[in-house]
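Numbering (the working numbering), first residue to last: 25 to 71.
Backbone N, C-alpha and C fix where the C-beta goes; we use that ideal spot for every residue, glycine too.
Keep in mind the model is a prediction, meaning the values are calculated, not measured.
For reference, the structure discussed in these notes is given below.
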């Protein structure tokens, strides 16, 4: 399923959550605007 949503649609969907647990940066950025968030690290970055 390859569906693309506008940012306002994503924010609307996140509005239904009581808590958000995510791993990707952009999902974390969206979720911290409205809900308690837990960010998981799945891979360290090599700097």
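Alpha helix (DSSP H) segment containing residue i, residue limits
i: residue 36; result: 31-38
Extent of the continuous beta strand (DSSP E) to which residue i belongs
i: residue 68; result: Unbroken run through residue 68: none, as it is neither H nor E.
i: residue 44; result: 44-46
Distance between residue j and residue i (C-alpha atoms, nearest Å)
i: residue 27; j: residue 70; result: 31 Å
i: residue 61; j: residue 25; result: 26 Å
i: residue 40; j: residue 65; result: 24 Å
i: residue 53; j: residue 44; result: 11 Å
i: residue 31; j: residue 51; result: 11 Å
i: residue 63; j: residue 38; result: 15 Å
Among the options, the one whose alpha carbon lies nearest that of residue i
i: residue 35; options: 63, 56, 65; result: 56
i: residue 49; options: 67, 33, 30, 25; result: 67
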